[in-house]
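Colleague:
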Amino acid sequence: MQLNAMMRPGPALKPLAAHVTIDESAATSMAQPDPHGRRIGFWTAGVGVWLTWVAFTVLGAVAGDLMGDPKAWGLDGAAAAAMLGLLWPRLKTGDAWTLAAVTALVTTIALPALPSGIPILVAGAVAGLWGWFGSPARRGPGPRGGHPGQLGRARTQQTGTRESAA
Numbered sequence: 025m026q027l028n029a030m031m032r033p034g035p036a037l038k039p040l041a042a043h044v045t046i047d048e049s050a051a052t053s054m055a056q057p058d059p060h061g062r063r064i065g066f067w068t069a070g071v072g073v074w075l076t077w078v079a080f081t082v083l084g085a086v087a088g089d090l091m092g093d094p095k096a097w098g099l100d101g102a103a104a105a106a107m108l109g110l111l112w113p114r115l116k117t118g119d120a121w122t123l124a125a126v127t128a129l130v131t132t133i134a135l136p137a138l139p140s141g142i143p144i145l146v147a148g149a150v151a152g153l154w155g156w157f158g159s160p161a162r163r164g165p166g167p168r169g170g171h172p173g174q175l176g177r178a179r180t181q182q183t184g185t186r187e188s189a190a
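Using the numbering used here, you'd call the opening residue of the sequence shown number 25 and step up by one each time.
If you want it as structure tokens, here you go:
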């Protein structure tokens, strides 16, 4: 609904806008500083991903059998490599590296013990708790080490105004 209000597509474009409303088009749109840039970003990313998806689906359908066994090419690691490619630029702080290492360790430990798909959910829960309660390096004083609400209240008491914890 937010993108619909921001983009305001006319009646003729509304079905197409709904079809290309995906993570990539939403993220590209929201990252732009002005309304014109948001519209350009939305349509460029949405239509670009759709065209690429369709083109490579057709290519895979036509030429997929020519590749032979995907395991022989090592394509089973492609998803992990793509995820690493998305994650790598975000690892700018020691805290981010620590979280990445902790969740990788949790996933590795959970893999042999849990059914497929569950280890990544466990790692996601660890990351969520890390974000909620803060890393050990960022915890403030307090009986439980603090969490975002406590940090905000402490700053309000010190300065008289509510400041961002970031």
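The C-beta atom is built at its ideal place from N, Cα and C for all residues, glycine as well.
Among GLN56, ASP47, GLU48, ARG62, which has the Cα closest to the Cα of LEU33?
Modeller: Here the sequence assigns Pro to residue 33, which means Leu is not the residue at that position. Of GLN56, ASP47, GLU48, ARG62, the residue nearest in Cα terms is ARG62.
Colleague: Is the beta carbon of THR76 closer than 8 Å to that of PHE66?
Modeller: In this structure, THR76 does not lie closer than 8 Å to PHE66 by Cβ.
Colleague: Should LEU135 and PRO143 be called a contact, given that it needs their Cβ atoms to be closer than 8 Å?
Modeller: Cβ distance < 8 Å, so LEU135 and PRO143 count as in contact.
Colleague: By a C-beta neighbour count over all protein chains shown, 10 Å radius and 16 as the cutoff for buried, is ALA105 buried or exposed?
Modeller: Its Cβ having fewer than 16 others within 10 Å, ALA105 is exposed.
Colleague: Suppose contacts are defined by Cβ-Cβ distances below 8 Å. Is VAL82 in contact with ILE46 by that definition?
Modeller: The answer is no: Cβ separation not under 8 Å.
Colleague: Run the CB neighbour count on ALA147, radius 10 Å, all protein chains shown included, and call it buried at 16 or more, exposed below.
Modeller: ALA147 should be labelled buried.
Colleague: If we call anything under 8 Å between Cβ atoms a contact, is ALA151 one with LEU123?
Modeller: The answer is yes: Cβ separation under 8 Å.
Colleague: Quick one: which unbroken alpha helix (DSSP H) runs of 4-plus residues sit fully inside the region 42 to 99? Chain order, please.
Modeller: 47 to 54, 59 to 87, 94 to 97, all fully within the region 42 to 99.
Colleague: Restricting to runs no shorter than 4 residues, where is the alpha helix (DSSP H) found entirely within the region 133 to 158?
Modeller: Taking only runs of at least 4 residues, the alpha helix (DSSP H) segments lying wholly in the region 133 to 158 are 142 to 157.
Colleague: With distances taken between CB atoms, is the gap from ALA79 to GLU48 smaller than 8 Å?
Modeller: No.
Colleague: Put LYS38 into one of helix, strand or coil per three-state DSSP.
Modeller: LYS38: helix per DSSP, three-state reduction.
Colleague: Look at TRP121 and LEU115 and say whether their C-beta atoms are less than 8 Å apart.
Modeller: Yes. Within cutoff.
Colleague: Could you spell out where the alpha helix (DSSP H) holding LEU108 opens and where it closes?
Modeller: 102 to 111 is the extent of the alpha helix (DSSP H) around LEU108.
Colleague: Within the same chain, show all residues whose beta-carbon is closer than 8 Å to that of MET31, passing over the 5 residues directly before and after it, in chain order.
Modeller: Counting only Cβ-Cβ distances below 8 Å, and skipping sequence neighbours, we find ALA41, SER53, ARG62, ARG63, PHE66.
Colleague: In this structure, does DSSP put ARG32 in helix, strand or coil?
Modeller: ARG32: coil per DSSP, three-state reduction.
Colleague: Please report the distance separating the alpha-carbon of LEU145 from that of PRO139.
Modeller: For LEU145 and PRO139, the distance between alpha carbons rounds to 11 Å.
Colleague: What is the C-beta distance between VAL44 and VAL71, in whole angstroms, given that I count them as a contact (C-beta under 8 Å)?
Modeller: That pair is a contact at about 6 Å.
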